[in-house]
Structure formats: C-alpha cells, structure tokens
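Take a look at the structure below.
Number of protein chains: 2
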Amino acid sequence: MTPQQSRLVAAVRSRFGARSVSTDPDAIAPWLVDWRGRYRGAAPAILSPGSTEEVAAIVALAAEYGVPLVPQGGNTSMVGGATPPADGRALILSTRRLNRLRRVAQDDGLIVAEAGVILQTLHDAAAAVGHRFPLDLGARGSATVGGLASTNAGGVQVLRWGTMRALVLGVEAVLPDGQVHDGLAALKKDNRGYDLDQLLVGAEGTLGIITAATLRIVPAVRARAVGWVGVDSPHAALELLRRAERASGAVESFEIVAGHSLGEVIRHIPDTRSPLAQAFAWHVLIEAVAAGEGADDPQRVLEDLLAGALADGVIGDAVLAASEAQAKAFWRIRHSLSEAERASGPAVQHDISVPVARMPDFMVDDAARVERRFPGTRTAAFGHLGDGNVHFHVRAPAGVDGPAWYAEEAGAITAYVNDLVVAAGGSISAEHGIGQMKVAELARLGPASRIAALRAIKAAIDPQALFNPGKLVPLAGEEAQP
Amino acid sequence: MTPQQSRLVAAVRSRFGARSVSTDPDAIAPWLVDWRGRYRGAAPAILSPGSTEEVAAIVALAAEYGVPLVPQGGNTSMVGGATPPADGRALILSTRRLNRLRRVAQDDGLIVAEAGVILQTLHDAAAAVGHRFPLDLGARGSATVGGLASTNAGGVQVLRWGTMRALVLGVEAVLPDGQVHDGLAALKKDNRGYDLDQLLVGAEGTLGIITAATLRIVPAVRARAVGWVGVDSPHAALELLRRAERASGAVESFEIVAGHSLGEVIRHIPDTRSPLAQAFAWHVLIEAVAAGEGADDPQRVLEDLLAGALADGVIGDAVLAASEAQAKAFWRIRHSLSEAERASGPAVQHDISVPVARMPDFMVDDAARVERRFPGTRTAAFGHLGDGNVHFHVRAPAGVDGPAWYAEEAGAITAYVNDLVVAAGGSISAEHGIGQMKVAELARLGPASRIAALRAIKAAIDPQALFNPGKLVPLAGEEAQP
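As they're listed, the protein sequences go chains X and E. 107 is the number that full-length UniProt numbering gives to position 107 of the first sequence; each next residue is one higher, with no gaps. 20 is the number that full-length UniProt numbering gives to position 20 of the second sequence; each next residue is one higher, with no gaps.
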C-alpha cells in the first residue's frame, strides 16, 4: 500500500467504521479478476461506503490524496471494465452496501434504487407491485443498478423498451471533486443545459460514481406468445420484423439464429430439439406480450402476423409455443447459443452493431468476406436483429490447436471485423462497452473527432484521472504501470 | 467589423461564393432581434454555408481568427438563445441553406434532415409517406431542425413521444475545432463511451453546430378523439391521467386549463365558448389517437375512460368532440391561452417543471404562496400536466401601471417562483432553455455541482468560447462587452 492509500484507508476506517474497509487479501481476491478470468488486477483494499454521503466523503479524500478509485458492482463486465489496474495503485470502491430501494412508486411508473441493488432484486420489487423492469440479462443475479447504468446495458427487450439509457430517468452520482449530482427527481422536461444524467449513463465510471438511479417500470406481462420461424435469409427476417412493427407494439423480442448455430445447440445442449421439422438457413425467435388493461391478445397478434407472412412467402414455416413449457424450450435454445458455440470449439467473439437496415447484408456478405480472408474459419451471427446488434463469432478452422490459433489470429480477425463494422457505419461495441478490452481498437478506429471529444470531457470532469483508470479513454499516464 | 471578422468574411466569400455571406445591414437587421423583441444584438455579417463541409471550413477559420459564431435557425427562441451579443464581436452563422431532406426512410422509421429544414417541411415530408413527426409547436413555420434539437424542444405530444431528445436518433455537428461529429447512422446500440449526440441535444449551440439530424417518424394518425373534461382540482386531473396511462397507450395529449383562464379566452378570443355548460375550477383537454394497423378506436378509449372516471367521481363532467370542427374548437381554446392571458393584462411568465406527482400541489399550494407574497397578483397555470410542465403566469394586480409594475416586480416574482420550483425539486427551464434570459438565475440556483460540470464541459469542448457566446453557461470574459 502506498502512503497515500494508507492514509485514505485509515481515514475511511476511522470515519465510517470497520465494515467500510476490507484489506484482507482473501476477501479482496475474487474482486481482482473479471468473471471470465481474462483480466487480473491488484488492489490493496476495497472500500464499501454505506451511503451517498460516505461515497462523497471518500471521493473527496481520494482526490486530496491522489488515490485512483475503481467503482465495482457485480463485477460482471465483459470487457474488464471493473477490474483494477495491475499495478495496485487504485483501490476498489464497492457499491455492495448501497443496496436500498429508496422508493417504489408504481403510480408514477418508477423505482429509485441505489447502485448496489442487484437486477434480480429490482425485478422482484417491480413484480411485487404488479409491474416489471423491462431489462433482463444472464447476469441478473449479480449485475447491479450502478453497473447496468454505467455500461448502458441492453438485453433481449431493447426492441421495445430500449437500453438502460431509455430506462434511466435520472441518476445520483458523486463527481470526481466529491460533489453530488442529484438527478433523481427525473423531470420529464428539464432544459437547464447539458444532460448530465445521460452523460453518466454508459460512461463506465470514468466521470462519476453512480450511487442511485430513478428507473422506469412498466405494467407486468399478463400474457405472452412465443413463436419460432424458419426463413431463408436475414433479409426475410428483417421483412418479418418490419411487418411486426407495423402491426403492433406488442412484439418485445426478435432474435435471429443461424441454422448451423441451432445445430450446435442440438448437438451440445441436452434435451434440445429443433422447433420446426424442416431445416432452414435462418431462424427467428419472436415474442409478443400483453401488458396493461386494454392490450391485444399476443397469441392473436403473432398468429395474424405469421399467417400473413407465410401466405406472402416471406417466411418458410412457423410454430407458436402451445404451452409455457414450450415457450421456455424455445427461449432455452436462444440462451444456450453462447454455451453451444463455446462447446463447438474456439472462436473469436465480437459484440457489434450496424444500422438495422444494413444488418442482413452484414450477416451475409461481410460474413463471407471474413471467411474468405481467414480460410477455414466459419462465422456465426446471432442475436438482436431488431437492434442492429449481433454476436458475431469467428470459429477456428477444423483441426487447429485452439489456444495457438487464438493467440496467432484473434487480433487480426478482430481488426478485420471491426474494419468491416466501421465501413458499414456501425459500432465496435454495441452492448458491452469499451472497458480495458477495446481501448486500443477504439483509439485506432475513432473517429478522431470522437476520441478527442471524449478525452476532452474526461479531462474536464476528472482532471486527476482518478475514476476507473485505464478504461474507455485513458488519459496520458493513466495506463497501468507494470 | 474587426480585422479578424473582415478576414473571415473575405475568406468565406472567396471560397464559397457571394451567397454564403451577407453584410447588408437591411438584410441582417431582422436577425439581430428575437421574435418577441426582448433581446437586441449586433453582427456585421451573416454567414450562410451551403453544406456541412462549408460549415466545418468556416468554423476552422473562425477558430483560427478567434471570431465567435452565433448559430441561428428560425430565430424563434423564447430566451434570446439565437440573438448575437450586443457588442458585435460575433458573426451569425445561419443554417438557412442547409435545407435538404437527405433521406426519408419510412421502413426504418426515420428521416435524415439538415439543420435548416423547417418543422412544417418535416411534417409534410413525413405525411407524404404515411407517417408523422410527433412534435409540434406554434412556430412550426419558422423553427428549424437544428434549433429544435439544440433546444430539446417539447410541445403537446411529449406525454407519448417525449421531447426532441427522444426523437433525435443521432446528429451531425461541427465541433469548435472544425471537426465533424457524424452520429447520423443512428445505431440503436452503441456503447463507445459518452453519448455525444445526446450531449449536443439541448446544448443551445454552445458545444457544436448541429448540421443535420436523424429523426424518428411514426405512423400517421388514422383517427383521433378529443375530449373536454371538468374537474375540481389538479389532483383530480392527475388521477384521470393515471387512469388514462393504465388503460391505453393511445392518449397523446393531456393539457390542463384553469377555469379563470378559460374565462379569459372566452372574453378575449372571438368565437370561443366553454365546451361544458357547468363552471369548473379546472379543465382538461385530452386527445387519443389511432395509428398503425391494429390500434384501438380512440373514441372508444376516451368513452370508456371518461365514463369510468365520471362514475367514480373523479371528474365532474366531460364531452367528446362530435366532429373534427369541434375537436379543432377545443384545441383552439388551448392554443389561445397565451394570447388571452396577454390580452387580460401584464403578467410575469415562467416555463417550469416539477415531478409530475408534485405538480398538483404546486399549482394549488405554491400558487397560493405566490399570491400571498405579492398581494393583488393572481396566478394562472396551464399546460402539460402529464409532463410536470406548466406555463406559470403571475398577473399584475388590477389597476396598476403595467410596464412600471413589471419593471418593479418581475425580478422579485421570478426569483420567488424559481425558489419554490427548486424547493419542489423542479427545473427553472422546462421547455425553452436558458439562452440569455435565464443565465443569471441558472447561476444563482445551480446547484453548484451542476454549474461546475457544465462549465467544465463547455471549457473542454470550446476552450476559446467561440460558440454562441453569452448563452447558457458563459465562461469568464464571454459576456457581451458594452
């Protein structure tokens, strides 16, 4: 521990008690590695303030002593965004004790939750008042409100409800000078200059530490219908999506799956089978829901949609889940894709987006380009077609030594894929953020005007570069020193 | 003209032709005064670039020569936001020639419009493809896309569709260093750090000059129903709103009108009459629409809603417009309120918001406080209850000399009202922005952490303070020199 860190730790312990600090290496160890084991950092202490005021006091002291802080919620980042630098110069600031639901106001359609509230807890709190928080993802048992907001998380309901950016009505955050920004009033109209709440959403903890958020909740689902559809191409899938959007606001999920990816699921995941008898090059999982009092029957919405699309030759075949068990079986295929892809062999994964209208071409033509450029590889693209966002995997050629191939080729493959994404007007990070993993590619692909603006904002708000060092747009000297 | 201004004007004329510059005082004069005649500035030239590239070149030259620029669209600001400083050190940069619709893509639900496109033109373009741009306001014949986005404009459809912030899917803007930020791809998911598009929305031209925007369009209205409702209190009106929100997504407008304000309309505006026979303390104008293929019948939505509310004693009486002519007559009352209030005598006007749930108390209790504190005055609050946003007028006592009263009392009244708004957790500028008019009150009421963050961002992005000087959060030395 540096002398500055020691002073900070001692001050926090004396002001806020023993439970606000941990220096036990065994207790700290799990929080130094990201959950996929790709990034390993060092930190001599975890600070765990119990209130916004304590966060503000800690930040003010850290600013005075020049000690960097890494905010951490559930530590479920896919890009090393919550892992401290390897040189141990930063302390972890955990939001685990900021775990109160300050307000559940179903009439106003909102919940005010502290940063450490876990997504599952938020779902339960909304359900208890006949509502739901319309964002869900696999890490729901660990991911926290602060992390979800700081990374602008997505999920399978973005089509209808948007990402966290649309669901966060306001945030409370401690800024690097120790001041508290309070946007929890969540005004529907507020034109007092730059939108600080939106600036903090997706900032990955580099501009402020979110301590609480006002979140939108919506009426609970009263009924749902889930369909599985076979199509010839992503273009046909997009046409089906357009029809769904024109027909009804009830469609909440629209996920595309390649036929060969479905094959991997059936091969590797027990008790799975194809919902359709016939083989198709592409498949779509579609879900419609009814919520609120006067909503359409979702079963009828999907029946009408799919019957029309079948009659017009847009789709090849379709089936509606006849029971909740069957609906779950359809969704299990979708949620097993990552696991099945892993089981099928090594692959370089990408989390990318392009404009929705451009996505079918990307999935066909650009995917073919990748396979030509790296002979023997096979691409797999699946996910949120309606958001213009797919998980784009490039699988190793058959028979290669996986780790060696990855070490040799992954960088070149990712650079090539990212170049195609940029050429298509897309984003090299659709859902997961930049964290540590994509810092270099973001800097390479810019564009320069964007990087310059991000750096200027970072330097203006956090001139000492003490908030989540080394992430997103590290300032000069902010990279971890070995 | 300063030597620097002369160099800039000469360079622009030689590079981009005579029509890109005007130095004719008669041609310039109308653009030096805001449309209400409250702010008067000076500028020796108007620059009118014809493309984003020309804007970028002009900005780069202005940065080199140190010449401030005031971006101007339709010049319809309510707060002097587009009026140049009085000392003439800035030039006006007009977006009038950036008037192309670059793309109308109804299948994607978007239009890409240049900054100088007038709102009415945008409405017409959307209507031509069976769609609509769901934002409307009185200045639709003058207000431009660039100004609407830069001020995060609102209107009477915010309840359902949000302000410009929700309708702007991405912007193209020239930053103060002459670089172009291109966010027009309008990715639904893009987590490459801070959201520059959202930062530029509502920035009032102080961080970038918006040159184009990708805007959301939605299916055209196929049928609408308009109702007029009498209630005893804003609290009852809010309960009606909650019922409407639970019942249906079809309600797009929900406007509250005080009984005495309705009286002013009937007194001052020809051919108006009260829609209800009985007198009520408060009235609500409610509109439901059907759009898209499977939408509910809006007439039935309102019938069910109002019948239930009447049976439960929430409302006192209600009538549905029996014809489009009657619907227009109801709306004419709403749109005549400002004119009727003006005709009824001098008043100090405020554009404020508080959390929606808090608004009824504000309209009753805080309004009474104002009337007690300034004896003889009478408050009038009307507008967008569902957005927590009302136009809050404080009328002069009967018999006073209007201009003298205004000169004497307006400042104290506004400060008192703003203090109440801040105490209620609200915003001193809901719709109109800060411009010149509210700079001092924003600085006074902060909070300090907010002002510090705004200033830091402004200084980081526009270190020479050349973009729309004197507006929003003027930096040191940026105020107009007499």
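Heads up, the beta-carbon is just placed ideally off N, CA and C, and yes, glycines get one too. It should be emphasised that the depicted structure is a prediction, and the values quoted were computed from it without experimental measurement.
For residue 327 of chain E, same chain residues with a beta-carbon under 6 Å away, outside a window of 5 residues either side, are 226, 321 in chain order. A Cβ-Cβ distance of about 30 Å is found for the pair residue 393 of chain E and residue 324 of chain E, leaving them out of contact under the 8 Å criterion. In the three-state reduction of the DSSP assignment, residue 31 of chain X falls in the helix class.
In the three-state scheme derived from DSSP, where H, G and I count as helix and E and B as strand, residue 217 of chain X is classed as coil. Spatial neighbours of residue 449 of chain E in its own chain (CB-CB distance under 6 Å, excluding positions within 5 residues in sequence) are not present. Per DSSP, reduced to three states, the secondary structure at residue 190 of chain X is coil, with no helix or strand assignment.
Taking 9 Å as the upper bound on Cβ-Cβ separation, chain X lies near residues 158, 159, 162, 163, 165, 166 of the stretch 158–171 of chain E. Judged by DSSP secondary structure, residue 290 of chain E falls within the beta strand (DSSP E) whose first and last residues are 282–291.
Of all residues in the stretch 181–203 of chain X, only 181, 182, 185, 186, 187, 188, 189, 190, 191, 192, 193, 194, 195, 196, 198, 199, 201, 202, 203 place a beta-carbon less than 8 Å from a beta-carbon of chain E. One finds 191 in chain E with Cβ atoms closer than 7 Å to the Cβ of residue 432 of chain X, taken in chain order. Residue environment analysis places residue 14 of chain E among the exposed positions, since fewer than 16 neighbouring C-beta atoms fall within 10 angstroms of its C-beta. The contact set of residue 209 of chain X on chain E, defined by CB atoms closer than 9 Å, is empty, because the minimum CB distance reaches about 13 Å. A distance of 8 Å or more separates the beta carbons of residue 71 of chain E and residue 52 of chain E. Judged by DSSP secondary structure, residue 343 of chain X falls within the alpha helix (DSSP H) whose first and last residues are 324–343.
Each of E:42, E:35, E:38 was checked against the Cα of residue 24 of chain E, and the nearest Cα belongs to E:42. Inter-residue distance for residue 44 of chain E and residue 255 of chain E is about 43 Å (C-alpha atoms, whole angstroms). Note: residue 229 of chain E is bridge-paired with E:284, E:318 in the DSSP secondary-structure output. The CB of residue 442 of chain E comes closer than 8 Å to the CB of 192, 193 in chain X, given here in chain order. For residue 151 of chain E, the chain X residues whose Cβ falls inside 9 Å of its Cβ are 191, in order along the chain. For residue 414 of chain X, the enclosing alpha helix (DSSP H) begins and ends at 402–423.
Residues of the stretch 34–58 of chain E whose Cβ lies closer than 8 Å to any Cβ of chain X: none. Apart from the 5 residues on each side of it in sequence, residue 291 of chain X sits with its Cβ closer than 7 Å to the Cβ of 218, 219, 220, 221, 222 in its chain, given in chain order. When Cβ pairs closer than 8 Å are counted between the two stretches, the stretch 241–258 of chain X is seen not to touch the stretch 179–193 of chain X, the count staying below three. Across the stretch 377–396 of chain X, CB contacts with chain E closer than 7 Å involve 387, 388, 389, in sequence order along the chain. Not one beta carbon of chain E lies nearer than 8 Å to the beta carbon of residue 17 of chain X. In the three-state reduction of the DSSP assignment, residue 467 of chain E falls in the strand class. With a threshold of 16 other beta carbon atoms within 10 Å, residue 216 of chain E meets it and is buried. For residue 233 of chain E, no CB of chain X lies under 8 Å from its own CB, so it is not counted at the interface with that chain. Under DSSP, residue 99 of chain X forms no beta bridge with any residue. Taking the Cβ atoms as the reference, residue 319 of chain E lies roughly 5 Å from residue 275 of chain E, within the contact range of under 8 Å. Assigned with DSSP and collapsed to three states, residue 207 of chain X falls in coil, not helix or strand. The Cβ-Cβ distance between residue 189 of chain E and residue 251 of chain X does not fall below 8 Å. Less than 8 Å divides the Cβ of residue 430 of chain X from the Cβ of residue 351 of chain X.
Close partners of residue 452 of chain X in chain E (Cβ separation under 9 Å): 175, 177, 179. For residue 423 of chain E, the closest Cβ of chain X is not nearer than 8 Å. DSSP, read as helix, strand or coil, puts residue 135 of chain X in coil.
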